[in-house]
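Worksheet: one structure, shown below.
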Amino acid sequence: MSIQDLIDLQNIDSELKEIEDLLGDLPLKVSLLKNEEKSLQTSIEEGKEKILHLDLEIKSRTGNVNLLIDKIDKQKDQLFLVTSNRQYDALQVEIDNLKNEIDSKENEIIELTEKKEITEKKVSDEEQNLDSLSGDLKERIKRLEKLMGENAERKKEFEALKSKKRIIIDKMILQRYDKIFEARSGLAVVPINGTGC
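Below, the structure written as structure tokens:
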């Protein structure tokens, strides 16, 4: 092992760092965008399921209101058949109770309809965001793949050279090199120019 082996290793590591720097934070951004895309897709699916559920609830309540209206109509028809005030009052109380129940169901329908409209707006906004995000993601993935493709072979060559160099360097020196390399952001060996590094 010679000092030249350490210099060669530093040069190889510098080339590998340059390749990584060329990619920059693009891999991280792509990963974050993929996670955001997945999260939006999940939220959209949940929103659509909620809309279906709300539709069923609205239809159910509407069906109940229609049944109550039919009951009121039947009760009103019976009003003409009663023979005493007591029967008439009883039917009138029942009709009033049915009307109160209809009011309650109609208020529930209004609340459910408002929830449905809010959910539909949210899903629509999320779908637009997803379209925009997916376009951005595709562009970044394309750039990342291009950069990785351009540099993949070069990186492989330098990693193979690095492995060969690391084998011939003493383990103790290699440990110190790695420690300094990490601490100095990729610079473990530097040339001496005059009296300074």
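In the numbering used here, the protein residues as written are 13 to 209.
Glycine included, each C-beta is placed from N, C-alpha and C at the ideal position.
Each residue's CA atom was taken as its position, placing ASP17 and LYS177 some 7 Å apart. Look at the beta carbons and you see the region 36 to 47 not touching the region 111 to 119: under three pairs across the two are nearer than 8 Å.
A residue is called buried when at least 16 other Cβ atoms come within 10 angstroms of its Cβ; ASP182 does not meet this threshold and is exposed. Excluding residues up to 5 positions away in sequence, ILE84, GLN87 lie with their Cβ nearer than 6 Å to the Cβ of ILE107 in the same chain. By the criterion of a C-beta distance shorter than 6 Å, ILE24 is surrounded in its chain by PHE170, LEU173, LYS174, once the five residues flanking it on both sides are discounted. Between ARG98 and THR131, the alpha-carbon positions lie close to 50 Å from each other. Of the residues assessed, GLN22 falls on the buried side of the cut-off, its CB having 16 or more other CB atoms within 10 angstroms. Between ILE63 and ARG166, the CB-CB gap reaches or exceeds 8 Å. Taking each of GLU113, ILE15, LEU34 in turn and checking the Cα distance to GLU162, the smallest one comes out for LEU34. CA-to-CA, the gap between LEU93 and ASN112 works out to about 24 Å.
Burial check for ARG155: the Cβ neighbour count within 10 Å stays below 16, so the residue is exposed.
In the displayed model, ILE181 falls within coil according to three-state DSSP, outside both helix and strand.
If you check the CB distance, LEU66 and LEU124 come in under 8 Å.
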